[in-house]
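A short write-up of the structure that comes next.
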Amino acid sequence: MLPVLVNLLRPYVAYVTFPVALVFGFVGYNIENWVSDKYTPYSKSVLEVRKERQEREGKAELHIPKTIFEKNVSPSLQQDATKAVN
3 MLPVLVNLLR PYVAYVTFPV ALVFGFVGYN IENWVSDKYT PYSKSVLEVR
53 KERQEREGKA ELHIPKTIFE KNVSPSLQQD ATKAVN
């Protein structure tokens, strides 16, 4: 009997499953709304926390290279570059 019922409903699968999915979604949404916490406390963004930490540690000033050659300089060359500039 079940194979006959499945064969009869095969062309109408979308018409049968869509309302079932709607009912499950509606029930699940309401259960989640009923169970979950309504209040979510504010938490600072990562950028705000980073900025505050840098201000506390005194690392807030940003080094902007004057030329492209000051960017990504190895430590051994960096000392020579500072001597040449001074």
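Take the sequence shown: its letters are residues 3 to 88, numbered as in this note's numbering.
Backbone N, C-alpha and C define an ideal beta-carbon position, used for all residues, glycine too.
Just so you know, these numbers come straight off a predicted model, no measurement behind them.
Check	Outcome
Can you grab the Cα-Cα spacing for the pair V75 / K68, in whole Å?	13 Å
How about L11 and V18: are their beta carbons less than 8 Å apart?	yes
A23 to G30, Cα distance in whole Å?	10 Å
In angstroms with no decimal places, state the Cα-to-Cα distance between R55 and T42.	24 Å
For S78 and S47, I'd like the C-alpha separation in whole angstroms.	37 Å
What does a CB cutoff of less than 8 Å around A83 pick up in its chain, not counting 5 residues either side in sequence?	Legend: pLDDT at A83 = 48, less than 50; position of this residue unreliable, no value from coordinates given.
What span of residues does the alpha helix (DSSP H) with T43 cover, start to end?	Note on identity: in this sequence residue 43 is Pro, with Thr being the wrong assignment. Neither: P43 is in no alpha helix (DSSP H) and is coded neither H nor E.
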